[in-house]
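Undergrad: Could you have a look at this structure, given as structure tokens, before my questions?
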Amino acid sequence: DFGVLASSSYPTYDIERYATDTEYANAANSDNKNQPLLNRALRGAYTPGSVFKPLVAIAGLQEGVVSAGQGLYNCEGMFDYEDMHMRCTGWHHYANVYEAISGSCNCYFAELGLKLGIRRLGPYAEYFGLGEETGVELGERVGTMSNPQEYQELHTGLGETWTDGITAQAAIGQADDMFTPIQLATYCAALANGGKRYRTHFLQQVLDYSREELVRRYEPELLYDAEIIGDVQGVVR
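The opening residue of the sequence shown carries number 246 in the working numbering; numbering runs sequentially from there.
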């Protein structure tokens with residue numbers, strides 16, 4: 246039901262000392278290097294890398310851009326396309342989607358990203374909660390899914406413009422892709438749940454002050470159903 250079972254952040258701090266020791270609290274507040282007060286699980290945004298690739302596979306299969314057994318690119322350890330030159334994780338030759346996921350083939354997913362295009366790929370990230378609020382009761386960072394408009398805003402003054410090569414890079418979880426750990430957990434849960442994404446939550450139930458009577462139990466809330474075809478779910482799983 247998308248309930249959080251465990252959540253932690255490191256470096257951490259002693260909340261009792263923080264509440265009672267002014268010197269300790271001031272040191273924690275001014276520690277800009279380690280930032281112990283930053284809840285990285287909810288507010289730290291990071292480049293996801295290969296964990297993003299199953300979403301690209303979902304999009305490619307669902308949109309009919311590729312079939313499960315089809316090879317897309319002769320991977321010989323390097324992907325070359327106009328302005329984009331990236332190494333792969335190995336030599337996968339004409340890998341199909343099963344081999345590309347198991348081998349984490351950059352070449353396959355970069356090529357699939359090009360065939361999809363960023364305007365078709367972007368919405369799938371949204372469907373699965375990447376670059377979106379998950380709904381947790383505590384404050385969270387939204388993160389970023391790479392797209393031409395925000396790319397121009399983020400890279401203003403650098404003279405950079407969006408290219409197909411950036412689409413290829415975004416499709417392997419790089420470029421400006423920046424997601425929080427809670428978003429990635431939500432995304433993986435939605436993959437396991439057949440594309441149905443529920444509100445992520447910490448709350449399980451509410452008891453009265455005696456802690457004996459149940460006032461309310463949390464009811465799962467469906468936020469989005471990507472309506473992924475059953476065969477597509479089966480392939481990526």
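Note that beta-carbon positions come from the ideal geometry of N, C-alpha and C, so glycine has one too.
On the three-pair Cβ rule with 8 Å, is the region 414 to 421 touching the region 465 to 473?
TA: Flag = no, the region 414 to 421 and the region 465 to 473 do not touch.
Undergrad: Could you check the C-alpha separation between residue 460 and residue 447 for me, to the nearest Å?
TA: Position 215 of the sequence shown, counting from 1, holds the residue named residue 460. Position 202 of the sequence shown, counting from 1, holds the residue named residue 447. Answer to the nearest angstrom: the Cα atoms are 16 Å apart.
Undergrad: When burial is assigned at 16 or more other CB atoms within 10 Å of the CB, is residue 351 buried or exposed?
TA: Residue mapping note: residue 351 aligns to position 106 of the sequence shown, counting from 1. The residue in question, residue 351, is buried, as its Cβ has 16 or more Cβ neighbours within 10 Å.
Undergrad: Assuming contact is defined by CB atoms lying nearer than 7 Å, are residue 409 and residue 357 in contact in what I supplied?
TA: For the purposes of this step, residue 409 is taken as residue 164 along the sequence shown, with counting starting at 1. For the purposes of this step, residue 357 is taken as residue 112 along the sequence shown, with counting starting at 1. Contact: no.
Undergrad: Quick one: is residue 278 buried, meaning 16 or more other Cβ sit within 10 Å of its Cβ, or exposed?
TA: Against the sequence shown, residue 278 aligns to sequence position 33. The residue in question, residue 278, is exposed, as its Cβ has fewer than 16 Cβ neighbours within 10 Å.
Undergrad: Do you know offhand how far residue 336's Cα is from residue 452's?
TA: Locating residue 336 in the sequence shown gives position 91, counting from the first residue. Locating residue 452 in the sequence shown gives position 207, counting from the first residue. Rounded to the nearest angstrom, the two C-alpha atoms are 57 Å apart.
Undergrad: As a quick exercise: from 292, 249, 266, pick the residue whose alpha carbon is nearest that of residue 388.
TA: Numbered from 1 along the sequence shown, position 143 holds the residue referred to as residue 388. Here the closest residue by C-alpha is 292.
Undergrad: Based on Cα-Cα distance, which residue from 381, 318, 299, 415 lies nearest to residue 436?
TA: Residue 436 sits at position 191 when you count from the first residue of the sequence shown. The shortest Cα separation from residue 436 among 381, 318, 299, 415 belongs to 299.
Undergrad: What runs of the alpha helix (DSSP H), each 4 residues or longer, lie entirely inside the region 297 to 349?
TA: Entirely contained in the region 297 to 349, the alpha helix (DSSP H) runs reaching 4 residues are, in chain order, 298 to 307, 342 to 348.
Undergrad: Measuring CB atoms only, is the region 254 to 267 touching the region 321 to 335, in the sense that at least three cross pairs come out at less than 8 Å?
TA: No, because fewer than three Cβ pairs between the region 254 to 267 and the region 321 to 335 fall closer than 8 Å, the two stretches do not touch.
Undergrad: Out of 260, 296, 406, which has the shortest C-alpha to C-alpha gap to residue 370?
TA: Here the question's residue 370 lines up with position 125 in the sequence shown. Taking only the C-alpha atoms, the option nearest residue 370 is 296.
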